[in-house]
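See structure below.
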Amino acid sequence: MIELLFLLFGIFIMFFGALGLLRFPDVYTRLHATAKCDTGGAISILLALALASDFPITGKLKFLVIAFMIAMINPMVSHAIARAAYKSGIKPKAVVDMYAWDNP
Amino acid sequence: MHFYLRQRLEEVRKRVLYESYEAQKLPAWERIVITWMALFAFWIVISGKFSPSHMITGALVTLIVAVVTRDFLTDDIRQTGHLISKAAYIFLFLIPQYLFIMAFRLLESNLKVVKNVLFMDINPGIVKVKSNLHSNTGLTVLANSITLTPGTLTLDVTKKLGEAYLYVHWIDVETLDGEKAGMKIKGEIEEWLKKIFW
């Protein structure tokens, strides 16, 4: 029962992450949607798989290792994409831009 | 002007003394033991077998790898206390506490993104935040944690004169004041990280 709840929550979060990728105005706000929703949705789905599968306990722990790797790597990748986008000259639609003040 | 320069020089000298004290490395065998414990836990989870031959092979192989790579994982750990109490404190108390905090922050940030997608009430901006951490590993973990907390995404890190600054893209800018923005963005995670990294 609880694994169905985790699975539905993961699908819900992934759906709204994809919707945010389509609706937000520029690169940086779109990265907000993808970084957080992909991490949370993937971890939730992996927890549901670990609870639902009939592996022994070490097999279930491997799902948690994958979840930990995703939680470490996904913010790093989004940070790299945001920095590369800024360096290649895409201006953010923002009310204040302190990064442009210090790197003219 | 003269007084100001002298005062500034005193500050920089104190800063250098502090950092050179904090940046002292742990003794070599403590570095090896901490790396070995982390690698051996990973071996047990990945192999999944508890027979003596597997355990002895794993212990030997991870010990060799720990001797070779002892500088990579433990380079920035703050040196306080005895080895066993420190290792037990890190592995049994601090890391589960961090995972617990981050799980709930991640849940909150997901729900906040759902709210932002539905109502489009965004007001984005890039703010500059000062960090009290100075080591590379500590800044990396802090930037990753900021990316996973609600409404913020780290763009870049600069270190000038021993002071580290983070550029954070904030989806709903509430304040431009540096200290208030730092309080809102970093929260309790930085104080938590200062217990491990310098």
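Chains as they are written, first to last, in numbering that gives the first Met the number 0: chain P, 0 to 103; chain L, 0 to 197. Ideal placement from N, C-alpha and C gives every residue a C-beta, glycine not left out.
Subject >> L/Ala87 versus L/Asp75: straight-line alpha-carbon distance, rounded >> reply: If you number the second sequence from 1, residue 87 of chain L lands on position 88. If you number the second sequence from 1, residue 75 of chain L lands on position 76. The straight-line gap from Cα to Cα measures roughly 18 Å.
**OP:** Give the DSSP bridge partners of L/Gly124, in chain order.
**Re:** Taking the first residue of the second sequence as 1, we reach residue 124 of chain L at position 125. Paired residue(s): L/Trp169.
Subject >> Range covered by the beta strand (DSSP E) that runs through L/Lys158 >> reply: Here residue 158 of chain L is taken as the residue at index 159 of the second sequence, counted from 1. That run of the beta strand (DSSP E) goes Thr151 to Lys159.
Subject >> Where P/Ser43 sits in the DSSP three-state scheme >> reply: Taking the first residue of the first sequence as 1, we reach residue 43 of chain P at position 44. Of the three classes helix, strand and coil, the one that applies to P/Ser43 here is helix, per DSSP.
Original post:
Secondary structure at L/Ser130, three-state DSSP: helix, strand or coil?
Top reply: As a position in the second sequence, residue 130 of chain L is number 131, starting the count at 1. Annotated three-state conformation of L/Ser130 is strand, per DSSP.
**OP:** Output yes or no for whether 7 Å exceeds the beta carbon distance between L/Thr61 and L/Leu38.
**Re:** Here residue 61 of chain L is taken as the residue at index 62 of the second sequence, counted from 1. Here residue 38 of chain L is taken as the residue at index 39 of the second sequence, counted from 1. Closer than 7 Å, so yes.
Subject >> Local Cβ density within 10 Å of L/Pro51, reported as buried at 16 or more and exposed below that >> reply: Position 52 of the second sequence, counted from the first residue, corresponds to residue 51 of chain L. Its Cβ having fewer than 16 others within 10 Å, L/Pro51 is exposed.
**OP:** Would you mind sorting L/Lys194 into buried or exposed? The rule is 16 or more other CB atoms within 10 Å of its CB.
**Re:** Counted from its first residue, the second sequence places residue 194 of chain L at position 195. Burial call: exposed.
Original post:
Which whole-angstrom value is the C-beta distance of L/Leu230 and P/Ala81, which I expect to be below 8 Å?
Top reply: This structure does not reach residue 230 of chain L, given that chain L is present from 0 up to 197, and the question cannot be answered.
Original post:
Among all the DSSP beta bridges, which residues are the ones paired with L/Glu190?
Top reply: Mapped onto the second sequence, residue 190 of chain L falls at position 191. BP columns for L/Glu190 are empty, so no partner.
Original post:
Using a threshold of 6 Å, is the CB atom of L/Leu72 nearer than that to any non-hydrogen atom of the ligand GDP?
Top reply: Absent from the structure shown: the ligand GDP. Ligands present: none.
Subject >> Beta-carbon proximity check, L/Val128 vs L/Ala180, cutoff 7 Å >> reply: Taking the first residue of the second sequence as position 1, residue 128 of chain L is located at position 129. Taking the first residue of the second sequence as position 1, residue 180 of chain L is located at position 181. Cβ distance < 7 Å, so L/Val128 and L/Ala180 count as in contact.
Original post:
If you run the structure through DSSP and keep just helix, strand and coil, what is P/Ala93?
Top reply: Sequence index remark: in the first sequence, residue 93 of chain P carries index 94 (1-based). Three-state DSSP puts P/Ala93 in coil, outside helix and strand.
Original post:
For L/Phe196, which three-state DSSP category applies?
Top reply: Taking the first residue of the second sequence as 1, we reach residue 196 of chain L at position 197. Correct three-state label for L/Phe196: strand.
Original post:
Which term fits P/Ser87, buried or exposed, when burial requires 16 or more other beta carbons within 10 angstroms of its beta carbon?
Top reply: By 1-based counting over the first sequence, the position of residue 87 of chain P is 88. Exposed, because fewer than 16 other Cβ atoms sit within 10 Å of the Cβ of P/Ser87.
**OP:** List the whole-angstrom C-beta distance separating L/Ser204 from L/Trp191, where the pair is believed to meet the contact cut-off of C-beta under 8 Å.
**Re:** Coverage of chain L is limited to positions 0 through 197, which leaves residue 204 of chain L absent and any answer about it impossible.
Original post:
Per DSSP, L/Tyr164 is paired with what?
Top reply: Taking the second sequence and counting its residues from 1, one reaches residue 164 of chain L at position 165. DSSP, once it has assigned bridges, lists L/Lys129 and L/Thr157 as partnering L/Tyr164.
**OP:** Would you give the residue range spanned by the alpha helix (DSSP H) that P/Asn102 belongs to?
**Re:** Taking the first sequence and counting its residues from 1, the one referred to as residue 102 of chain P is at position 103. Unbroken run through P/Asn102: none, as it is neither H nor E.
Original post:
Can you check whether the CB of P/Tyr27 is closer than 7 Å to the CB of P/Pro91?
Top reply: Your numbering for residue 91 of chain P matches position 92 in the first sequence. Your numbering for residue 27 of chain P matches position 28 in the first sequence. Result yes, Cβ atoms of P/Pro91 and P/Tyr27 sit closer than 7 Å.
Original post:
Going along the chain, which residues of the segment 18–47 of chain P sit with their C-beta nearer than 7 Å to a C-beta in chain L?
Top reply: Leu18, Gly19, Arg22, Tyr27, Thr28, Leu30, His31, Ala32, Ala34, Lys35, Cys36, Thr38 and Gly39
Original post:
Straight-line CA distance for L/Ala40 to L/Phe90?
Top reply: Locating residue 40 of chain L in the second sequence gives position 41, counting from the first residue. Locating residue 90 of chain L in the second sequence gives position 91, counting from the first residue. Rounded to the nearest angstrom, the two C-alpha atoms are 10 Å apart.
Subject >> Terminal residues of the alpha helix (DSSP H) in which L/Arg77 lies >> reply: By 1-based counting over the second sequence, the position of residue 77 of chain L is 78. Counting along the chain, L/Arg77 falls outside any alpha helix (DSSP H), and DSSP gives it neither H nor E.
**OP:** Could you name the residues of the segment 59–78 of chain P whose beta carbon sits closer than 9 Å to any beta carbon of chain L, in the order they occur along the chain?
**Re:** Listed in sequence order: Leu60, Lys61, Leu63, Val64, Phe67, Ala70, Met71, Asn73, Pro74, Met75, Ser77 and His78.
Original post:
Taking the alpha carbon of P/Phe8 as the point to measure from, which residue in L/Gly124, L/Thr174 and L/Val113 has its own alpha carbon closest?
Top reply: The residue you call residue 8 of chain P lines up with position 9 of the first sequence. Restricting attention to L/Gly124, L/Thr174 and L/Val113, the CA atom closest to the CA of P/Phe8 is found in L/Val113.
Subject >> Three CB pairs or more closer than 8 Å across the segment 114–124 of chain L and the segment 164–178 of chain L >> reply: Between the segment 114–124 of chain L and the segment 164–178 of chain L, the count of C-beta pairs closer than 8 Å reaches three or more; the two stretches touch.
Original post:
In chain P, what lies closer than 7 Å to L/Ser52 by C-beta?
Top reply: By 1-based counting over the second sequence, the position of residue 52 of chain L is 53. By Cβ distance, chain P contributes nothing, its closest Cβ being about 16 Å from L/Ser52, past 7 Å.
Original post:
For L/Asn109, which of P/Phe62, P/Glu2, P/Asp37 and P/Leu21 has the nearest alpha-carbon?
Top reply: Numbered from its first residue, the second sequence carries residue 109 of chain L at position 110. L/Asn109 has its Cα closest to that of P/Asp37, out of P/Phe62, P/Glu2, P/Asp37 and P/Leu21.
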